[in-house]
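Notes for the one structure printed next.
Number of protein chains: 2
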Amino acid sequence: MKNRFMTLLVLHLILVAGVAGSSSTVASDPLPSWNAGPAKRAIFEFVVQVSSEGSPTFVPPSQRIAVFDGDGTLWCEAPVPFQAAFVIDEIKRRAVREPALAVDPMVQAALDGEIGKLLDGKHHNGLLRILALTHTGLTTDEFDRCVNRWADSASHPRFKRPYLELTYQPMQELLGYLRSHQFECFIVSSGEADFTRVWVERIFGIPPQNVVGSIGQVKYALREGKPVLIKTPDHLLVDDEEGKPVGIHQFIGRRPIACFGNSDGDQAMLEYTTIGNPLNSFGLIVHHTDAEREYAYDESTPASGKLTTALEMASTRGWTVVDIKRDWSEVWSNHESLQAAEESRRLFGRWLAEDIGRRGVLDRAQSTLEIGPDGSVSGSTSVNRYRGQAIIDGNAISFGPLIATRRAGPPAMMDQESRFTEAFSQVTGFRMGENGLLYLTDGNGNDILRFSKIAD
Amino acid sequence: MKNRFMTLLVLHLILVAGVAGSSSTVASDPLPSWNAGPAKRAIFEFVVQVSSEGSPTFVPPSQRIAVFDGDGTLWCEAPVPFQAAFVIDEIKRRAVREPALAVDPMVQAALDGEIGKLLDGKHHNGLLRILALTHTGLTTDEFDRCVNRWADSASHPRFKRPYLELTYQPMQELLGYLRSHQFECFIVSSGEADFTRVWVERIFGIPPQNVVGSIGQVKYALREGKPVLIKTPDHLLVDDEEGKPVGIHQFIGRRPIACFGNSDGDQAMLEYTTIGNPLNSFGLIVHHTDAEREYAYDESTPASGKLTTALEMASTRGWTVVDIKRDWSEVWSNHESLQAAEESRRLFGRWLAEDIGRRGVLDRAQSTLEIGPDGSVSGSTSVNRYRGQAIIDGNAISFGPLIATRRAGPPAMMDQESRFTEAFSQVTGFRMGENGLLYLTDGNGNDILRFSKIAD
């Protein structure tokens, strides 16, 4: 028991340290990829101010809305935004089968790689044209499959890696840090919501209902008696510049207290979040200054988000400016760390005990464990139901006391129940095995519980 | 301790019973205003099927999206929907100050009470006209104030009660039952989101980001340097009929597994939810059959939602039809029960201990308690931080074991800490006192903890 309590205590102090803010850099840094400096300090200060009990600037959780731009803020937008790369690859693929498409001058530009032409105009009208050509008539399910096929096969021209690996590790950490302080995080992207929603939940754990984006009109129909939504060429909302606060109002309906962007296209939502907000608020601009590790651009950029007026305004508005070269010790959520994130996400779900303390389990007695993204645990001992709280940190996991019902069952089952519940008290870590097995381990790294995944 | 354990056990069994479904009608009926019958049984069966571990039709919580129509499904829509009543009252109020308005034939119709004229046309164009006249040019904040003023002053012509009291108790219970099984509930209403969001969070606990509605266009501007959103006459989305599945896709981005409506305007979203859905799904239609307690209407109704084709289709589609007269023992979330709901909501938030076991507290030692809507508890003993889980049921509350840090402090503070934490173990109930005080009581109804609210 002592062992377990110490683990709980240590892990809990880590958790508490998160709240204590500055001290969290001592106990366990929730933002390890951020170098010490004004940007990192400003983030800690804001989160502590709004989330600390008794703080005069405390903000209740229901009001802790944070909005993140996507391209250039959470993931790479150079040389062209993900969605531009997608539609250009898509039109090339389609043009092979449908040569007639090439008649369209914008399709021709895409085939000739004249990206500049496509990006002309305030809202990249050439791109919208190709978007309409490639998307129109697809059902939303067919479109999702297109995007997934592209994401699995396409790779970035410079970094030669799948696009979805080119997300920013420091921003991944920031999302996690805000969530651990009961912020609800939304992506407010000029990219199409239909495109972004397909993969952000997997990469950032942000569910579709928390993605605000440009909206292409869809049409409802029954096809062979089955309801489908068919994409049309019309656009309902272009979620950029003034469209961002408008989209935030229409989709979220609540003014954010934190806003993260990287271009003039985010200026209006930065203003909307921070100017005259009765609640304590925070604005941050990611400034791309690192040509070596990523890209350096602001005024003069053909494809990516221009950053001029928003940058000039930052100091007067009190917006924090992140200098990637100076402030980020690591840029990319590289494959390994993405896998680690996926790993801990794989922990969430429903599990069936296959072995307890190397003594197996009864065939007729199913002992189960469900772990939620918030660390809540529940399940059945096979006789009784239980629930409680787990603290998860990297590959360490520790279970708090469990509340359980007290039904009686056959001796053999009651024996398994006591071995099962007792085992949790010794757990300090976990690892994923082959065939999706989950092992819960003790302080010496010995397996004390083995689970198989219960299919969703 | 025994006392406390028994309470925990009983309350927990109630909780478990909720999961056990049918047996829950024995232990504690989560739907007390629903008469036993096919409708009530169908609801229990569906929820148990999708939320029970090991069930072949289990649906993971992230996919448990439930959508509710508003007018006529969650609240009264006769003789006219709330928003119609609102805009008609508004235009009357405005016409007094701006006689020029009366030139408009639709305004004249409103002043003459010729509601029929306003409701003509597929989308009640006359009403949209008045909506535009009354809303255009207002900032979203000014509009919110208008709606609140109306909600506080207006009363229903037949029931002579504030409109917001005319919500359906059985549907309130259904929302709570679904939430307790990790459903995320959305309102998908043909009413304007800007109108509905102002009050649904207070009445149903549904936050603005979970309200999908008709969308009036707004314009972003800086007024005297402050960002504002100004309502325009244009409409972006009319969230009715085919507009509902479209709105669900655009705003939620995930197909629901449960849909609740009352008119042909909900047919498309009922189809979208239930036809060919790979997940176990559920559709329900509220049929207004009770002229005595509420209204009876379906085919022939001037103002309210027509119910013809959706009703014909119900049996072939397997949609559950609620016959209000037969299935609801109580119709209205009357003032008392609304207050009860508000009461338990008042429990949520941050509290400062003012007295512990009738022995007061130290001036310099602040012991705090925060209770979340999910029953999570956390706070500071003044020396250490703690967290845990509470089970709340009506005015009964019981605290599970608390995990705490183990910092040492001055003897007097450590004494208060132990009195504070020990006190929780005896709590079985709560009541709200004057001046917003919170009393936690023991099994004999004695106050053992007194708290004052910490202002948000």
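These protein sequence lines are chains A and B, in that order.
If you count the first sequence from 1, position 297 lands on 297 in full-length UniProt numbering, and the numbers rise without skipping.
If you count the second sequence from 1, position 199 lands on 199 in full-length UniProt numbering, and the numbers rise without skipping.
Glycine is no exception: its CB is placed at the ideal position from the N, C-alpha and C atoms.
In chain A, what lies closer than 9 Å to residue i by C-beta?
i: Ala154/B; result: Going along chain A, no residue has its Cβ under 9 Å from Ala154/B, so there is no contact; the nearest lies around 22 Å.
i: Gly375/B; result: Per Cβ cutoff of 9 Å: no residues; Gly375/B is ~10 Å from chain A at best.
What residue range does the alpha helix (DSSP H) around residue i cover?
i: His135/A; result: Asn125 to His135
i: Ser55/A; result: Here Ser55/A belongs to no alpha helix (DSSP H), and DSSP marks it neither H nor E.
i: Cys259/B; result: Element bounds for Cys259/B: not the alpha helix (DSSP H) but the beta strand (DSSP E), Ala258 to Gly261.
i: Ala353/B; result: Not the alpha helix (DSSP H): Ala353/B falls in the beta strand (DSSP E), residues Gly349 to Ile356.
i: Pro105/B; result: Pro105 to Leu111
i: Ser398/A; result: Not the alpha helix (DSSP H): Ser398/A falls in the beta strand (DSSP E), residues Ala396 to Phe399.
i: Asp89/A; result: Phe82 to Arg97
i: Val200/A; result: Ala193 to Phe204
i: Lys117/B; result: Ile115 to Leu119
i: Ser418/B; result: Pro411 to Phe424
i: Thr273/A; result: Gln267 to Thr274
i: Tyr177/B; result: Gln169 to Arg179
Please list the partners that residue i has in chain A, where partner means a Cβ-to-Cβ separation under 7 Å.
i: Leu128/B; result: Residues of chain A passing the Cβ test: none, with the nearest at roughly 17 Å.
i: Arg350/B; result: Glu53
i: Ile215/B; result: Gln250
i: Gly318/B; result: Here the premise fails: no neighbours, minimum Cβ distance about 14 Å.
Among the options, which one has its Cα closest to the Cα of residue i?
i: Asp327/B; options: Ala39/B, Gly176/B and Phe424/B; result: Ala39/B
i: Phe204/B; options: Ile187/B, Tyr220/B and Ala193/B; result: Ile187/B
i: Ser333/B; options: His235/B, Lys226/B and Thr167/B; result: Thr167/B
i: Thr134/B; options: Arg255/B, Val322/B, Asp104/B and Phe159/B; result: Asp104/B
i: Gly72/B; options: Arg41/B, Gln49/B, Thr140/B and Met171/B; result: Met171/B
i: Glu241/A; options: Gly253/A, Ala408/A and Tyr272/A; result: Tyr272/A
i: residue 460/B; options: Asn277/B, Ala353/B, Gly261/B and Arg293/B; result: The requested residue 460/B is not part of the displayed model; chain B covers only 1 to 456.
i: Ala193/A; options: Ile206/A, Gln182/A, Ala408/A and Asp264/A; result: Ile206/A
i: Pro442/B; options: Met413/B, Ala404/B and Asn395/B; result: Rather than Pro, the amino acid found at residue 442/B in this sequence is Asp. For Asp442/B, the nearest C-alpha among the options comes from Asn395/B.
i: Met313/A; options: Gly357/A, Arg93/A and Asp266/A; result: Asp266/A
i: Asp234/B; options: Asp447/A, Leu237/A and Met432/A; result: Leu237/A
i: Met414/A; options: Gly445/A, Ala66/A, Val361/A and Gln389/A; result: Val361/A
i: Ala296/B; options: Leu229/B, Leu111/B and Asp323/B; result: Asp323/B
i: Leu131/B; options: Gln217/B, Arg161/B and Val67/B; result: Gln217/B
i: His181/A; options: Gln389/A, Asn35/A, Asn444/A and Ile65/A; result: Ile65/A
i: Pro227/B; options: Trp199/A, Asp239/A, Met269/A and Gly191/A; result: Met269/A
Please list the partners that residue i has in chain B, where partner means a Cβ-to-Cβ separation under 9 Å.
i: residue 457/A; result: The first residue shown for chain A is 1 and the last is 456, placing residue 457/A beyond what the model contains.
i: Val218/A; result: Pro245, Val246, His249 and Gln250
Run through chain B and tell me which residues come within less than 7 Å of residue i, C-beta to C-beta.
i: Gly176/A; result: Within chain B, no residue comes near Gly176/A; the closest Cβ sits about 18 Å away, beyond 7 Å.
i: Ser62/A; result: Pro207
Give me the chain D residues within the contact set of residue i, using Cβ-Cβ distance strictly less than 8 Å, ordered along the chain.
i: Thr368/A; result: Structure shown: chain D not included; protein chains present are A and B.
So with CB distances below 8 Å, who are the chain B contacts of residue i?
i: Gly452/A; result: The question names Gly, yet the displayed sequence has Ser at residue 452/A. The premise fails here: Ser452/A is roughly 13 Å from chain B at the closest Cβ pair, so nothing lies under 8 Å.
i: Thr140/A; result: His249
i: Ile257/A; result: By Cβ distance, chain B contributes nothing, its closest Cβ being about 13 Å from Ile257/A, past 8 Å.
i: Glu271/A; result: Leu222 and Pro227
i: Gly400/A; result: Gly388, Pro401 and Ile403
Quick one: which chain A residues come within Cβ less than 8 Å of residue i?
i: Gln389/B; result: Arg387, Gly388, Gln389 and Ile403
i: Arg197/B; result: Gly253
i: Gly379/B; result: Glu53
i: Ile392/B; result: Going along chain A, no residue has its Cβ under 8 Å from Ile392/B, so there is no contact; the nearest lies around 14 Å.
i: Glu242/B; result: Lys219 and Tyr220
i: Ala193/B; result: Gln250 and Gly253
Is residue i close to the ligand MN? I mean its beta-carbon at under 6 Å from any heavy atom of the ligand.
i: Phe424/A; result: By its list of ligands, the structure shown contains no ligand whatsoever, and the ligand MN lies outside what it can speak to.
Tell me which residue opens and which closes the beta strand (DSSP E) that residue i is part of.
i: Val147/A; result: Premise fails: Val147/A lies in the alpha helix (DSSP H), Thr140 to Ser153, not in any beta strand (DSSP E).
i: Pro227/B; result: Lys226 to Leu237
i: Ile285/A; result: Phe282 to Thr289
i: Ile454/A; result: Careful: Ile454/A lies outside any beta strand (DSSP E) and carries neither H nor E.
i: Glu370/A; result: Thr368 to Ile371
- Taking any Cβ of chain B, which residues in the segment 46 to 59 of chain A have a Cβ under 9 Å from it, in chain order? Glu53, Gly54, Phe58 and Val59
- Task: Quick one: which residues of the segment 222 to 239 of chain B get their C-beta closer than 8 Å to a C-beta of chain A? List them in chain order.
- Result: Leu222, Gly225, Lys226, Pro227, Leu229, Leu236 and Leu237
- Task: Indicate whether the contact test is met: 3 or more Cβ pairs, each with one atom in the segment 71 to 91 of chain B and one in the segment 122 to 135 of chain B, closer than 8 Å.
- Result: yes
- Message: Three Cβ pairs or more, each shorter than 8 Å: is that satisfied between the segment 50 to 61 of chain A and the segment 150 to 157 of chain A?
- Response: no
- Positions along the segment 268 to 301 of chain A whose CB lies within less than 8 Å of some CB in chain B: Ala268, Glu271, Tyr272, Ile275 and Gly276
- Query: Does the segment 289 to 296 of chain B come close enough to the segment 233 to 249 of chain B that 3 or more CB-CB pairs lie under 8 Å?
  - Reply: no
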